[in-house]
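Heads up: the structure comes next, in structure tokens.
Number of protein chains: 2
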Amino acid sequence: MASKVRVNQDLQRERDRANFNLEQLTYIFDGSREYTQKRRYLEKRIAEDPELKGGPNYYFLSNSEKYANGVRKATLLAKKLKEYKLGDFTDAFLLRSIIFPNEASPMSLQIDMFIPGIMGLGTEEQQRRWGEKAMAYEIIGTYAQTELGHGTHLRGLETTATYDPTTHEFVLHSPTLTSIKWWPGGLGKTTNHAIVMAMLYTRGKCHGLHAFMVQTRDLETHEPLPGVEVGDIGPKMGYHTVDNGYLRLDHLHIPRMNMLMKNSQVLEDGTYVRKKSDKLSYGTMLFVRSTIVKGVATNALAQAATIAVRYSAVRRQSELKPGGVEPQVLDYVTQQYKLFPVISQAYAFSAVGLHLRNLYLRLNYDIQQGNVELLAEIHSLTCGLKAFSTDQMMWSVEICRLSCGGHGFSQASGLPKIYDVHVPACTYEGENTVLYLQCGRSLVKALLQAQKGVTLSGSMAYLSQVCDDKCSVTSQVTVDALLKSYEWRARRAVHKAARMYKGRLQAGEADYNAWNQTGVHLVLAAKAHCHKYVLKTFAESIQQAEAGADVVRVLQQLCLLYATHGVTTNSGQFLECGFMDTRQLELVNDHMLRLLTDIRPNAVALVDAFDFTDDKLCSVLGRYDGQVYENLYKWARQSSRNETQVRIFTTVTPQ
Amino acid sequence: MASKVRVNQDLQRERDRANFNLEQLTYIFDGSREYTQKRRYLEKRIAEDPELKGGPNYYFLSNSEKYANGVRKATLLAKKLKEYKLGDFTDAFLLRSIIFPNEASPMSLQIDMFIPGIMGLGTEEQQRRWGEKAMAYEIIGTYAQTELGHGTHLRGLETTATYDPTTHEFVLHSPTLTSIKWWPGGLGKTTNHAIVMAMLYTRGKCHGLHAFMVQTRDLETHEPLPGVEVGDIGPKMGYHTVDNGYLRLDHLHIPRMNMLMKNSQVLEDGTYVRKKSDKLSYGTMLFVRSTIVKGVATNALAQAATIAVRYSAVRRQSELKPGGVEPQVLDYVTQQYKLFPVISQAYAFSAVGLHLRNLYLRLNYDIQQGNVELLAEIHSLTCGLKAFSTDQMMWSVEICRLSCGGHGFSQASGLPKIYDVHVPACTYEGENTVLYLQCGRSLVKALLQAQKGVTLSGSMAYLSQVCDDKCSVTSQVTVDALLKSYEWRARRAVHKAARMYKGRLQAGEADYNAWNQTGVHLVLAAKAHCHKYVLKTFAESIQQAEAGADVVRVLQQLCLLYATHGVTTNSGQFLECGFMDTRQLELVNDHMLRLLTDIRPNAVALVDAFDFTDDKLCSVLGRYDGQVYENLYKWARQSSRNETQVRIFTTVTPQ
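Chains as they are written, first to last, in the UniProt record's numbering: chain A, 1 to 655; chain B, 1 to 655.
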């Protein structure tokens, strides 16, 4: 790639002086050489595919056109999955991420939730009945759970499914305004089916939330069916390509066999039969959350870092040396302090995401074998890591955008698009504060168990150790020493939350209130626990990396930067109780600053190794060739506002 | 207002139990009773003005329609300024902020920069020639300084203005791609004039940056004039209502008298004459930056808090007490911890903004009298406070948005609109990191002076005190005690940065490099200094407040929350060197949590007291009446995507 294009001289010089094997680092970031190769093969194939190459410039489309283009591409994605003979979900996710660069597909829930829902919740007959059609895109579905007035709290959902034994039908109904299904992707306009989560009533009794297959639109005319009101929920901060929708059901009758009955059944006479525990569906939830760490947080961090670092190498501004040439912005230590930690976060969360995938596979195997021992711990961990990774991602992406000055605010930078499409991950699949609280509560509960003599294992084992050691950081600032500090900090945070919780109980407060009053400290404990876990996983992944000494060296630098930067930005928690003293903290700070200098020569190479194509980044500032200015100018001239010299207004009439 | 509408019961109950005089607090937030009255009068008048009331719903407009509607409203604003007989700039700003709720006007630079530029930089004759026409909107202008490749560094600007004594003209030219003027608001399509900043060359010598009046478009046809290429720079993250533009000049000849010559002149024969120092224009820059603290940061914080707090009172979710009703989200301590500090920030920055306005008036008077003693200190302070206030604002607005869960991501929340239009304030009028560095450097320089025996005055006086005291926080956590802690922290941060800088010099590094290497600590020092200044100003404003004991009490709670929250979130800097010990820190943390409980009953009233109209907030979640769900539903149904049941696509053709 580099050889064919005229590359900005500053950027070329950066690349020339990199002193490690980029290719190896790319494999590590991707998880394996095979994955990298497959990704590149598919990227190339799509770039050359006559139906997919080119396409309109996303940034110049109206909201309406963005959706239309989304449907066009979603349809092509379905076609290409067949054409390229790509079978499994990993391939489908990969292909989608290439065809939709930092865009959401209006049919994404087809493979994210609709097909998995049929296969996971449906009987074998139901799997045959709908699964094959869904695989062939003969029916297009979504998953409707969240309601206008209800999100996190599943027991609060109001949609009802009442069984009528005389007709052998369920009557699905939205009894209130707040029960209208709200937010599901593709629900508004694109899909014709939905798995609807509703409170099941039979023989006068409520049996809680169950899944029902509902056809929402006619397969020929695409008109909504009687009893079904569907529509788009209106413009959002991002996700313009998707028709997030609403669904209001008015006594809609569906056959009994439209209840997905793998785990529970309603018999013809209305008898309710529960067959299986829902431990398995926990597994799916864990899987989705773990994919967010790699697919969303890591991906967004790495892209934002790529754009900001490349642009900072090209952009020259102000003066350092009086009368000297304007330096590259990347030579300002304040800029390095903004961007290099983001690079380290991307590599750290990549390691965590890959690790979680393996953990999930092991867990899934265990569950299939009836062993659910690890489930609670991994559930807690996944809650925390989903929240922690997306949390850091959101602030870091904005820091990258701000580091690009005014041009960062232009859509040409690609950074607003990255932010808008990925920041919802802080809210969907478990709102972050809710997840932190779950994680924090489970840590406190584990500690209380440990205090009763129960031995903790896995990621929580360190909690039962004593809390009175001192920081061992000396003039040698190492990851090992810092890891012990992170453990101390997390342990102390959990102990503190536990103490507060117990104190409230002892003061006579009700249990629920004691938890609520401890909320702020539960979140802190969860963050400290996750932070430690990320550092540990990152460090271990480097030990296991199949790579040369040069690659290991830069990864170790990044890992130590991740560790020292985390201490610096959370220093209070390390200084508490005199665990770390001010001198030690200053050693860590100084070492962090030195690492910025060490990493500086490799900065551009470290983001190049993420190996994003220009098609993926959609960024003028982050172009591989660094020809930023001439392309900003070209880009601007394409803007629809420049189609005429004198602006002809669309008429805007007051309502 | 409250009496006429059906208010959500939860919200009404919140209002009923408020225990302070809202009206008094509104006057304090606004700065005076007179201002509140004037604002309300204008809000009412505009709401009833047949030409202004109603109008299209911003959220459902295309990018193109947003601009068209912006021009329509900007034109009406000009008309109304005359019609309402509003003379001064304060009135003009106020009227604009009402007509453009969280939107930018495509003609905003007319009153922000174009007219002030003519008046500040033009001779009396030039003021007569262009000033009156500009006031009457017979010419529409902007201010073109930033270039494609150059922002912060003014000496790096490349546009040239070369005097030709044979024709008595200046030749304005964009010699390179990077010299194209880029970003000025209204430059692309709306305006027909621009004050262009260019490097002045006469008699073969460059005299630096000067201002030139350039007509860009024909006053009749609005076509660009020969030698002028103008256009829109393309879509941005926000500011859709504005045609931020580019300007490429190709040897454009303008008369000699189009140079704005109040401070410097080029005579007919090409002789360059400098008349005045530019201290005065510093004053303008300070003024603009100080208005950002109140007009942008405070305004955005207060609006975001209003929306999130009201919605959190209406929204019920999950359970605290097992089996109990779903509680208001506002009853979760984690939610209070997110939102109440934002309320305190809004009141704190309001006090700072009002204080800076007075400081500016005094400074301006001093400068007119030839006294520039205070200039350097106030310049440094204003740099820091502009950065500090917009910095906190940006994170806080996003925290408010996230606190609203999924609905926060909908444009219906109003929060993305607030973010997109206000976040550029982190970059414009001095990029925040650049400003922090300026502030930090001036603090270090002052300290070095003090160490040589110079007495520091004003906001820097505390720097010369010794650094070895201990924190006086005991079981009584008070603002006074914490203010001393903030002083200690800031002083130590400045001392530390100074030590690092001097250490680098002593190690033989060049001065510029020593500054650069100290950058991270200069930013920390500047933030600590500003944080202290904000707390001090807020506390003093309460002492001076004309208000009853009830209002003073809630303000004191907010001030103490601001103080304790700042310690909690920056605890490391207070624990360093053992200044504060862990027990003291825990006292502060505990007190902060108690304050959340104390503030809870007044939370809704505290945001009501900001006194924003629904027209201003443009938020379904933040409606005064709290009727959130039925209006989300109504709002969604208005969306253009719901105009037809079956979506008819706009054709999207690949390029």
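Glycine included, each C-beta is placed from N, C-alpha and C at the ideal position.
None of these values were measured; they are calculated from a predicted model.
Taking E169 (chain A) and H253 (chain A) to be in contact with their CB atoms under 8 Å, please state how far apart those CB atoms are, rounded to whole angstroms.
As a working mapping, residue 169 (chain A) is identified with position 169 in the first sequence. As a working mapping, residue 253 (chain A) is identified with position 253 in the first sequence. Confirmed, about 5 Å.
Please classify P184 (chain A): is it buried, with 16 or more other beta-carbons within 10 angstroms of its beta-carbon, or exposed?
Reading the first sequence from its first residue, position 184 is the one you call residue 184 (chain A). Buried, since its Cβ has 16 or more Cβ neighbours within 10 Å.
Give a yes or no on whether the minimum CB-CB distance between N642 (chain A) and chain E is below 8 Å.
Protein chains A and B are contained in the structure displayed, whereas chain E is not.
When the Cα atoms are used, what is the spatial distance from R362 (chain A) to L558 (chain B)?
The count along the first sequence starts at 1 and reaches residue 362 (chain A) at position 362. The count along the second sequence starts at 1 and reaches residue 558 (chain B) at position 558. Each residue's alpha carbon lies about 50 Å from the other.
Hey, would you say V196 (chain A) sits closer than 8 Å to L172 (chain A), going by beta carbons?
Here residue 196 (chain A) corresponds to residue number 196 of the first sequence, with the count starting at 1. Here residue 172 (chain A) corresponds to residue number 172 of the first sequence, with the count starting at 1. Cβ distance < 8 Å, so V196 (chain A) and L172 (chain A) count as in contact.
Taking the continuous alpha helix (DSSP H) assigned at M197 (chain A), which residues delimit it?
Reading the first sequence from its first residue, position 197 is the one you call residue 197 (chain A). Careful: M197 (chain A) lies outside any alpha helix (DSSP H), inside the beta strand (DSSP E) at 193–202.
Measure the Cβ-Cβ separation of A211 (chain B) and G117 (chain B) and say whether it is below 8 Å.
Counting from one through the second sequence, the residue named residue 211 (chain B) turns up at place 211. Counting from one through the second sequence, the residue named residue 117 (chain B) turns up at place 117. Yes. Within cutoff.
Between the CA atoms of G231 (chain B) and S64 (chain B) - distance to the nearest angstrom:
Locating residue 64 (chain B) in the second sequence gives position 64, counting from the first residue. Locating residue 231 (chain B) in the second sequence gives position 231, counting from the first residue. S64 (chain B) and G231 (chain B): Cα-Cα distance of roughly 14 Å.
For residue 656 (chain A) and Q573 (chain B), what's the separation of their Cα atoms in angstroms?
Limits of chain A in this structure are 1 at one end and 655 at the other, which puts residue 656 (chain A) out of reach.
Could you check how far apart the C-beta atoms of D625 (chain A) and R6 (chain A) are, in whole angstroms? I think they sit under 8 Å.
Here residue 625 (chain A) is taken as the residue at index 625 of the first sequence, counted from 1. Here residue 6 (chain A) is taken as the residue at index 6 of the first sequence, counted from 1. That belief holds up - the Cβ atoms of D625 (chain A) and R6 (chain A) are roughly 6 Å apart, short of 8 Å.
Spatially closest choice to V71 (chain B) from B:T191, B:V454, B:V620, B:G283, by CA coordinates
In the second sequence, counting from the first residue as 1, residue 71 (chain B) sits at position 71. The shortest C-alpha separation from V71 (chain B) is found at B:T191.
Within this structure, are the beta carbons of A92 (chain B) and L109 (chain B) separated by less than 8 Å?
In the second sequence, counting from the first residue as 1, residue 92 (chain B) sits at position 92. In the second sequence, counting from the first residue as 1, residue 109 (chain B) sits at position 109. Their beta carbons are not under 8 Å apart, which means A92 (chain B) does not touch L109 (chain B) by this criterion.
Pull up the distance between the alpha-carbon of T518 (chain B) and that of R441 (chain B), whole angstroms please.
On the second sequence, residue 518 (chain B) is found 518 positions in, with the first residue counted as 1. On the second sequence, residue 441 (chain B) is found 441 positions in, with the first residue counted as 1. Cα to Cα, T518 (chain B) sits roughly 9 Å from R441 (chain B).
Are the beta-carbon atoms of I292 (chain A) and A376 (chain A) separated by less than 8 Å?
Taking the first sequence and counting its residues from 1, one reaches residue 292 (chain A) at position 292. Taking the first sequence and counting its residues from 1, one reaches residue 376 (chain A) at position 376. Not a contact, by the Cβ cut-off of 8 Å.
Can you name the residues of chain A whose CB is closer than 9 Å to the CB of L443 (chain B)?
Looking up residue 443 (chain B) in the second sequence gives position 443. Residues of chain A passing the Cβ test: none, with the nearest at roughly 16 Å.
In the DSSP output, what is P255 (chain A) paired with across the bridge?
Against the first sequence, residue 255 (chain A) aligns to sequence position 255. DSSP, once it has assigned bridges, lists A:E169 as partnering P255 (chain A).
Quick check: A348 (chain A) and V534 (chain A), are their CB atoms within less than 8 Å of each other?
Stepping through the first sequence from its first residue, residue 348 (chain A) is reached at position 348. Stepping through the first sequence from its first residue, residue 534 (chain A) is reached at position 534. Going by C-beta atoms, A348 (chain A) is nearer than 8 Å to V534 (chain A).
Is any beta-carbon of chain B found at less than 8 Å from that of A412 (chain A)?
Along the first sequence, one-based indexing puts residue 412 (chain A) at 412. Yes, contact with chain B.
Rounded C-alpha distance that separates S459 (chain B) from M592 (chain A)
Looking up residue 459 (chain B) in the second sequence gives position 459. Looking up residue 592 (chain A) in the first sequence gives position 592. Distance between the alpha carbons of S459 (chain B) and M592 (chain A): 32 Å.
Please list the terminal residues of the continuous beta strand (DSSP E) segment that includes F212 (chain A).
Reading the first sequence from its first residue, position 212 is the one you call residue 212 (chain A). Note, F212 (chain A): beta strand (DSSP E), 205–215.
Based on the DSSP secondary-structure assignment, which residues constitute the bridge partners of R316 (chain A)?
Mapped onto the first sequence, residue 316 (chain A) falls at position 316. According to DSSP, R316 (chain A) bridges with A:Q328.
Would you call the CB atoms of Y143 (chain A) and L621 (chain A) closer than 8 Å?
Indexing the first sequence from 1 puts residue 143 (chain A) at position 143. Indexing the first sequence from 1 puts residue 621 (chain A) at position 621. Not a contact, by the Cβ cut-off of 8 Å.
First and last residue of the alpha helix (DSSP H) that includes V554 (chain B)?
As a position in the second sequence, residue 554 (chain B) is number 554, starting the count at 1. Looking at the DSSP string, the run of the alpha helix (DSSP H) that includes V554 (chain B) is 549–569.
Does the distance from the C-beta atom of V309 (chain B) to that of V604 (chain B) stay below 8 Å?
For the purposes of this step, residue 309 (chain B) is identified with residue 309 of the second sequence, where counting begins at 1. For the purposes of this step, residue 604 (chain B) is identified with residue 604 of the second sequence, where counting begins at 1. Yes, the pair counts as a contact, with Cβ atoms nearer than the cut-off.
Contact criterion: CB-CB distance below 8 Å. Does W183 (chain B) meet it with respect to chain A?
Against the second sequence, residue 183 (chain B) aligns to sequence position 183. Interface residue, yes.
Identify which residue in A:E429, A:V397, A:L200 has its Cα closest to the Cα of T298 (chain A).
One-based indexing of the first sequence puts residue 298 (chain A) at position 298. Comparing Cα-Cα distances from T298 (chain A) to each of A:E429, A:V397, A:L200, the minimum goes to A:V397.
Ordered along the chain, which non-local residues of its own chain (more than five positions away) have a Cβ less than 6 Å from that of C471 (chain B)?
As a working note, residue 471 (chain B) is residue 471 in the second sequence. S485, F579, M580, Q584.
Close beta carbons around S639 (chain B), own chain, < 7 Å, minus the five adjacent residues each side
Counting from 1 along the second sequence, the entry for residue 639 (chain B) is found at position 639. The residues are F60.
Kindly indicate which residue of A:G414, A:K452, A:R128, A:F100 has the alpha-carbon position closest to the one of L260 (chain A).
Within the first sequence, numbered from 1, the residue matching residue 260 (chain A) stands at position 260. With distances taken between Cα atoms, L260 (chain A) lies closest to A:R128.
Quick one: residues in its chain with C-beta nearer than 6 Å to the C-beta of residue 669 (chain A), no 5 flanking neighbours on either side, listed in chain order?
Residue 669 (chain A) falls outside the range modelled here, since chain A spans only 1 to 655, and no answer is possible.
Quick one: does Y311 (chain B) have its CB under 8 Å from some CB of chain A?
Along the second sequence, read from residue 1 onward, the residue named residue 311 (chain B) stands at position 311. Not one chain A Cβ lies under 8 Å of Y311 (chain B).
Check the Cβ of residue 699 (chain B) against every Cβ in chain A and list those closer than 8 Å, keeping chain order.
What is shown of chain B runs 1 to 655, which leaves residue 699 (chain B) out entirely.
Return no unless some Cβ of chain A is closer than 8 Å to the Cβ of M237 (chain B).
In the second sequence, counting from the first residue as 1, residue 237 (chain B) sits at position 237. So yes, M237 (chain B) belongs to the interface.
How is the alpha helix (DSSP H) around L42 (chain B) delimited, first residue to last?
Translated into positions along the second sequence, residue 42 (chain B) becomes position 42. For L42 (chain B), the enclosing alpha helix (DSSP H) starts and ends at 33–48.
Residues that G120 (chain B) bridges to, as DSSP identifies them
What you label residue 120 (chain B) is simply residue 120 of the second sequence in a count that begins at 1. In DSSP, G120 (chain B) forms no bridge with anything.
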